[in-house]
Amino acid sequence: MAQLTLDELRKKRKEAKKEIYLREGKYKSKIIVHMGTCGIAAGAREIVTAFLGEIEILTDKDVMLTTSGCAGLCSMEPMATVELLNSPSVKYGNLTTDKARRIFKEHILGGNIVTDYAIGIGSEKGG
Amino acid sequence: MAVRRIELMLCTGTGCVAGGAFRISEALEKEIQKQGLEKEISVIITGCNGFCGQGPLMVVQPDNIFYGFLTPEDIPFLVQEHFLKGRPVKKLMFSPPEKKEPVPLLSEIPFFKKQMLVVLRNKGIIDPEKIDDYIARDGYTALEKVLSSMTPDDVIDEITRSGLRGRGGGGFPTGTKWKFCRTEQKTPKYIICNCDEGDPGAYMDRSVFESDPHLVIEGMIIGAYGIGVSHAYIYVRTEYPLAIKRMDLAISHARDYGLLGKNILGTDFSFDIEIREGSGAFVCGEETSLIHSIEGKSPEPRPRPPYPTQLGIWDCPTVINNVETWANVPVIINRGADWFSKIGTETSKGTKIFSLVGKINNTGLIEVPMGITLREVVYDIGGGIPYDKKFKAVQTGGPSGGCLPYSMIDVPIDYESLAEAGSMMGSGGMIVMDEDTCMVDVAKFFIQFTNDESCGKCTTCRDGSAALLEVLTDVANGDGKELDLEFLYEVSKAIKDASMCGLTTLPNPVLSTLKYFRDEYEAHIKEKRCPALVCKNLIKYYILPEKCTGCKLCLKNCPPGAIKGELKHIHIIDQSKCTKCGTCLDVCPPKVSAIIKVSGKETENITGIEEPYPVKRRGKEIKN
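Read top to bottom, the protein sequences are chains A and B. Counting along the first sequence from 1, when you hit position 47 you're at 41 in my numbering, and nothing is skipped either side. Counting along the second sequence from 1, when you hit position 456 you're at 483 in my numbering, and nothing is skipped either side.
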């Protein structure tokens, strides 16, 4: 390893930051893929991979991808919930990898709900 | 590396490693592979997370979910449930003793909530064996700033204005020390990082080395630049193999990147660090002994002045600072002296790391702002005393600190307040004691320690600690005389007055327990009674005939075979054979609770039975 100069150290830091973003908790948006048995059977794993692929090419990795259990609407699986900071969450159903990529581009990055696939806005009230 | 969905921040501090953290990591890797998740999930090895009492433990990111007490058997279920199906596993989460519901999020756990992370800001977030992780968390930005825009005087001025004081125990203003050394004419000059942490129950420095070694290195480079030094030593005890390994690795990575060595980051400044291992003598934590040890001489202290800043290692001007002091430096440079000096109290700035141990629910490593009260540390962060026992004392400052009673629990933690209360800040050990702790026994334990570790150079310390130990042993054995307390006090004062080195605070455990727990000493001497039922010579174990079910559990487990009886017959302890190990008390089922421990007058009031007899005849026999 060649010794670094001040500028090279700064460049290195910029690169290194991409590796640890998951641990720092700075997110603008969150994708939850529902991974109940029904979801997994319907192909939720591929949806996760598709979202991950999209996050990989982002420069600012401020999108959090997580999973949760069955959302209760098993016939519409695979499903995902998208939450942008300060706006209500949106549930999408019957996803395919292509749909997932479109949702990522238009909703997560663009901020516009993809009404074609959305099945509801907001979450059920707890009680 | 490709982008991941989940990172598992697995703690590999010494505590968790001893608890089997590497077995957990193997089990995780195996199950992640089995489920085909290896591209989405990675296991990150981190330094000490701090919540050592819950180890082996890990934090799941980005969800920020905390799992403790992990075993390899839990892993397959955990991976399938949480990481595959997204259902966090409640039974592995942290549940506070008073609540039934677990607390999933790390940020919501009371132990973490009241802490303020300055030195430990990277703990559990970076892999200490990867320099890039440290750099990503703005590591070496302070060095950049210093080398590109600050003069050495600016650096010293910034540290002085921050109000940083030595974290090793003495509390000397760091900036002033640096300035003394800088203005010395003689060259070369040296700096030393003191990681000879010897206090029983203290592991702050070790954890900083294990979780964030580059922070210490960066602090030392900045210090060297400010003072005008090109060579440094890290003195670390050889009993810290993991800390040494990680520091060694960190130094070699820093050299690879040109952060250590000739012309650091392409500037004119050159500096390097060498690790020296000590073999773990308590006295080597004292700065002049430490210098002698590195020089290859017998580690005995010498009188000061001259101070090491004038006449240090190899007779050259030397600055010795503790690990935590060095680790504060990059943060102060980055965020500024004004920011730092806003934390804490008038005279004690910044934060302090403590290892919170003893009779406390949440054992672990904590970092708190100066000025926080002992109560907040013990009850809010520490979660109080286990099994609803009563708090008796907290001992701060290591073996030469003092024991503070409940009446002192609202004392703010800063250098002056603790000294005024009869204890000291020390390097950060904090041992909590409950009602089952005998203060005479505690004083004896610490004096035993300092007596063993005394280098023997000063008569008062060498023979004085032996005299203290002898008298304390007498008191604990019930052979104490009334004049003994006066004697303990006088000898303690003499040790403090007439010994040379910084460790002459050794009688503090005696002085503070005499001051706050005199009644316990008196009970031992006058009533031959140990109120906490600890001192073996003063207690007796009895089996209550009205409660014993004759189950033979204690009889089978008694190591010296001191219990007589047979099945369904009431058992008896033969006092002449009993070694007072307490095994019978431990094994007697809680719903029976037939065994009691008594001391003093009560021992005479107990009338046992002569011979074992059947349990069913119990009512009659007792009447007779």
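Beta carbons are placed, not taken as given, at the ideal position from N, Cα and C, and that holds for glycine.
Rounded to whole angstroms, the separation of the alpha carbons of GLY588(B) and VAL350(B) is 51 Å. At a cut-off of 8 Å between beta-carbon atoms, SER175(B) makes contact with chain A. A direct Cα-to-Cα measurement between GLY323(B) and ASP299(B) gives close to 20 Å.
Residue state for ALA448(B) is assigned as coil, using DSSP reduced to three classes. By the rule that beta-carbons nearer than 8 Å mark a contact, LYS624(B) does not touch chain A. For LEU111(B), at least one C-beta of chain A is nearer than 8 Å to its own C-beta. Taking 7 Å as the upper bound on Cβ-Cβ separation, chain A lies near residues GLN88, PRO89, ASP90 and ASN91 of the segment 69 to 103 of chain B.
Here DSSP, grouped into helix, strand and coil, assigns SER316(B) to helix. Sequence-ordered contacts of the segment 159 to 171 of chain B with chain A read ASP159, ASP160, TYR161, ILE162, ALA163, ARG164, ASP165, GLY166, TYR167, THR168, LEU170 and GLU171 [C-beta pairs closer than 9 Å].
Contacts with chain B at 8 Å (Cβ-Cβ) do not include ALA74(A). In this model, GLY228(B) and LEU383(B) are separated by some 8 Å (Cα to Cα). Around the C-beta of PRO617(B), fewer than 16 other C-beta atoms lie within 10 Å, and the residue is accordingly described as exposed. A distance below 8 Å separates the beta carbons of PRO326(B) and SER316(B).
The CB of MET70(A) never comes closer than 7 Å to any CB in chain B; the least such distance is about 17 Å. With 16 or more other Cβ atoms from the protein chains shown falling within 10 Å of its own Cβ, GLU58(B) counts as buried. Neighbourhood of THR53(A) in chain B, by CB distance below 7 Å: empty, with the nearest CB roughly 12 Å away.
One Cα belongs to TYR161(B), the other to LEU174(B), and the distance between them is close to 19 Å. Secondary structure of TYR21(A) (DSSP, three-state): coil. Closest by C-alpha distance to GLY424(B), out of PRO123(B), LEU97(B) and GLY198(B), is GLY198(B). Here GLN422(B) is bridged, per DSSP, to CYS430(B) and ILE458(B). THR91(A) has a beta carbon lying at 8 Å or more from every beta carbon in chain B. Shortest Cα-Cα distance from LYS484(B) to any of GLY453(B), ILE458(B), LEU515(B) and SER526(B) involves SER526(B). When DSSP states are grouped into helix, strand and coil, SER492(B) belongs to the helix group. Between the alpha carbons of VAL498(B) and VAL518(B) lies a gap of roughly 11 Å. With contact defined as three or more Cβ pairs closer than 8 Å, the segment 435 to 449 of chain B and the segment 469 to 477 of chain B are not in contact.
The residues GLY307, in chain order, have a CB closer than 7 Å to that of GLU266(B) in the same chain once the five nearest residues on each side in sequence are set aside.
Assignment of alpha helix (DSSP H) within the segment 184 to 249 of chain B, counting only whole runs of 4 or more residues, yields 201 to 210 and 231 to 238 in chain order.
Closer than 7 Å at the C-beta level to chain A, one finds these residues of the segment 258 to 291 of chain B: ASP283, TYR284 and GLY285. At a beta-carbon threshold of 9 Å, the residues of chain B lying near VAL42(A) are ARG32 and GLU67, ordered along the chain. Boundaries cannot be given for ARG329(B), as no beta strand (DSSP E) includes it and DSSP labels it neither H nor E.
Interface criterion met: the Cβ of ILE152(B) is under 8 Å from a Cβ in chain A.
At least one CB atom of chain B sits nearer than 8 Å to the CB of ARG7(A).
By the rule that beta-carbons nearer than 8 Å mark a contact, GLY293(B) touches chain A. For CYS38(B), DSSP records a beta bridge to THR73(B).
Residue-level contact by beta carbon holds for MET36(B) and chain A, with a gap shorter than 8 Å. Residue-level contact check: ILE49(A) touches chain B, since one or more beta carbons of chain B fall below 8 Å from its beta carbon.
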